[in-house]
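Presented below is the structure to which this report refers.
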Amino acid sequence: IPSLAQCAANTINCNFSAFSAAAANSIGDRVSYASEDPWIARTIIKGLTNTTTIRLGDNHQLKNIFAIRTTDVFTNTSLTGTPLAIVDTASATKLKQTTEEIQLSGSFLDNDLKYTVGGFFYNEKPNGTAGFSALEINAFFGLSHSLTTTYLHNSSKAVYGQIDYSLDKLIPGLSLTAGLRQTWDTQSACTVSQAISPFAPTPMLIVTPEDVDTYVPSEDACTSATGLAGAAIGASAQTFPDAKFKKLTYTLGANYQVTPDALVYLAHRRGYRAGGYNTPLLDPYLSAEQTFQPETLTDWELGLKARAQLGSVRATLDLAVYSGKDTANQLPLNTSNLAAGVCIVDALGTPGHPTSDCAVGGTPGSLVYVIGATNIVNGATLTIRGVEASGTLSPFRGLTFTGALSYNDITVDSIQVGDRFQNFLNAAGLPAVFSIQGQPKWTSNAGVLVDVPGEILGGKLSASFDYHYTGALTSVALTVPSFHQMDLRFNLNDIGGTGVSAAAWVKNLTNETIYAGTSSSSPTAGAYSFIIGAPRTVGMSLSYKFGAR
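Positions in the sequence shown are counted from 1; adding 336 to them yields my numbering.
The following block contains the structure:
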């Protein structure tokens, strides 16, 4: 892109604007285009895992699983995909996660009774400036310009136990499963909200990863509420103490091996999703929604696992149907572009709103402010039903067809948002009908695998073709379109018996536009912003297996 030569000494994001202009101009229909600066955006993930197993006699073992992981992400994005900086954003995340699990397992009664007991610990904390999220939004050339930083601390502790008991001696093929898990979760947070003056429009503050340390307040500055102003005309810090949640969950099941080639099972489970904080600090009028509570799913599942062979023809089938009740569903609500306040009559006279500063139809009210673009409420009770099927068919050795299909139907039994939050949404003109989040109704996969007989270069050659389909889904206020993808791969394994293998592949064979998700929670300045998956990609790889003959 020729204009990039102009960027060497430019203090604003010249690279990004030039790239956006060139890319947008190459798209004739200009439909929903978003772009990250490919010279600056980065994702760095480092991790270490260790598993230690100690045998305790013939039937028991003690296992320890330890893992540590750091995440460093920086993005610089234009939500409108135009050469003008209409709505630009920059975000950074720096986190450290540690897990520790100790597990004792074994068997008694001639292996009829198998058990597992253990404990689990998880800790997530900031790993530098930005923490969980630092988000800068600069809209309309600086007329609306903010920087919000959140430092989250999450921890989870659990103890669990499960037994599997074989009733073969009474009813051949029947076994029962029962398990319990007690979980304790804790979350605390500190947030800083900064507003940059619209009367002195400023370009993006955060252009490169190095700018994060310059403009984003540290966690110490957040917790002490000092040194926050910087380029901001208004800066405030809020500290959220430990919010604690706990839940006892369980699993019950029965497995019946009808024949050596067919298993039928029935499972009943209760699962749990921890609660947490909505950040930044909500207006006092909405203080009841500052935290959202745990979500619970209780379900039943009936399934079949079967395999069959007739001569050289082999087949497998996995089938499951399920039904569940989801209570206190954590519903994300779009509250973007409301930082200027919404006038609510009922807010007048409540804590934090002693006097009128607005009116609705001549009736005095008070402005209620919400800074966060998305807030979560326990707003729905759902019934979830579905069916999943997968199978393989091999008419002869060397050729295998695969397929999978999933259908998920969600019924909204009730939606009940708190009265004050509902008043706020109504006054803001936001819809009172909410969509189920993040769940496509249909997904499917199909493929074919061919193993070429004989040897080529002393190795085994195989080829595979795969098709994937994912239906449309909702993400807060946006709908992510459905997409399909085709992949092709060739493998030549263990060349000449050396342990060296080679592969060549094409992903997204037909170069479809793939919508992997959204990069905003609602339409921004008339633009719908999505995360676009990779285009057609061609690659090769070499690998070596140690210990090969």
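Positions of the beta carbon are idealized from the N, C-alpha and C atoms, including for glycine.
Contacting residues, own chain, Cβ-Cβ under 6 Å from residue i (five flanking each side not counted)
{"i": "L828", "result": "G795, L797 and A838"}
{"i": "N459", "result": "T434 and S491"}
{"i": "T387", "result": "I401"}
{"i": "L785", "result": "T736 and S800"}
{"i": "Y601", "result": "N591 and G639"}
{"i": "T513", "result": "D500 and G589"}
{"i": "T738", "result": "T728 and G783"}
{"i": "T663", "result": "T632 and T717"}
{"i": "S750", "result": "T717"}
{"i": "L488", "result": "F468 and A525"}
{"i": "V453", "result": "L440 and G497"}
{"i": "T686", "result": "Y621"}
{"i": "K641", "result": "L599 and D654"}
{"i": "F826", "result": "A799 and A840"}
{"i": "N714", "result": "F628, Q629 and A664"}
{"i": "G869", "result": "I850 and A852"}
Endpoints, the beta strand (DSSP E) within which residue i is located
{"i": "L824", "result": "F819 to N829"}
{"i": "R606", "result": "A598 to R609"}
{"i": "G647", "result": "Counting along the chain, G647 falls outside any beta strand (DSSP E), and DSSP gives it neither H nor E."}
{"i": "T513", "result": "L510 to A531"}
{"i": "A838", "result": "V836 to K843"}
{"i": "V874", "result": "T873 to Y880"}
{"i": "T849", "result": "T849 -> no beta strand (DSSP E), and no H or E assigned at all."}
Contacting residues, own chain, Cβ-Cβ under 7 Å from residue i (five flanking each side not counted)
{"i": "G464", "result": "K430"}
{"i": "T692", "result": "Residue identity differs from the one stated: residue 692 is Ser in this sequence, not Thr. Same-chain partners within the cutoff: L684, P700, G701 and S702."}
{"i": "T559", "result": "C526 and T575"}
{"i": "I846", "result": "The sequence given here has Thr at residue 846, not Ile. M822."}
{"i": "L824", "result": "F801, W841, V842 and L845"}
{"i": "P668", "result": "T710, I712, Q773 and V812"}
{"i": "T815", "result": "A808"}
{"i": "K505", "result": "none"}
Limits of the unbroken alpha helix (DSSP H) element including residue i
{"i": "V548", "result": "D547 to Y551"}
{"i": "A561", "result": "Element bounds for A561: n/a, residue is neither H nor E."}
Collapsed DSSP secondary structure at residue i in the structure displayed
{"i": "D504", "result": "coil"}
{"i": "S865", "result": "coil"}
{"i": "D556", "result": "helix"}
{"i": "L622", "result": "helix"}
{"i": "G739", "result": "strand"}
{"i": "G833", "result": "helix"}
{"i": "V816", "result": "strand"}
{"i": "F581", "result": "strand"}
{"i": "F576", "result": "strand"}
{"i": "Q498", "result": "strand"}
{"i": "V543", "result": "coil"}
{"i": "A664", "result": "strand"}
{"i": "A377", "result": "coil"}
{"i": "Q342", "result": "Because the pLDDT of Q342 is 38, which lies under 50, any placement of that residue in the model is unreliable, and the number read from its coordinates should be weighed accordingly. The answer is helix: DSSP assigns Q342 an H, G or I state."}
{"i": "L479", "result": "coil"}
{"i": "G727", "result": "strand"}
{"i": "S614", "result": "The sequence as given places Asn at residue 614; Ser does not occur at that position. Residue state, collapsed to three classes: coil."}
{"i": "A870", "result": "coil"}
Rounded Cβ spacing between residue i and residue j (contact assumed at less than 8 Å)
{"i": "Y586", "j": "G639", "result": "Not really, about 19 Å apart at Cβ, beyond 8 Å."}
{"i": "T385", "j": "A403", "result": "4 Å"}
{"i": "G509", "j": "Q593", "result": "4 Å"}
{"i": "F760", "j": "L622", "result": "6 Å"}
{"i": "K580", "j": "T519", "result": "Wrong, their Cβ atoms sit about 11 Å apart, outside the cutoff."}
{"i": "A428", "j": "F456", "result": "Rounded, the Cβ-Cβ distance is 29 Å, inconsistent with contact."}
{"i": "G832", "j": "Y880", "result": "The pair is not a contact, with the Cβ atoms about 12 Å apart (cut-off 8 Å)."}
{"i": "P534", "j": "S480", "result": "7 Å"}
{"i": "T615", "j": "T486", "result": "5 Å"}
{"i": "A740", "j": "A763", "result": "About 46 Å; that fails the 8 Å criterion."}
{"i": "D549", "j": "A610", "result": "So it is not a contact: roughly 31 Å between Cβ atoms."}
Contacting residues, own chain, Cβ-Cβ under 8 Å from residue i (five flanking each side not counted)
{"i": "P776", "result": "N744, T806, G807, A808, L809 and S818"}
{"i": "T719", "result": "S659, G660, K661, D662, I746, T747 and D749"}
{"i": "L398", "result": "T389, I390, L392, I438, Q439 and L440"}
{"i": "F882", "result": "G835"}
{"i": "N395", "result": "G442, S443, F444 and N447"}
Closer than 8 Å: residue i CB and nearest the ligand ZN heavy atom
{"i": "G685", "result": "This structure lacks the ligand ZN; in fact it carries no ligand of any kind."}
*Can you give, in chain order, each stretch of the beta strand (DSSP E) that sits fully within the stretch 386-469 and has at least 3 residues?*
396-414, 423-444 and 449-462
- [ ] List in chain order: all unbroken alpha helix (DSSP H) runs of 4+ residues lying wholly within the stretch 745-809.
- [x] 755-763
For this session: At 4 residues or longer, and completely inside the stretch 671-722: list those alpha helix (DSSP H) runs for me, N to C.
Result: none
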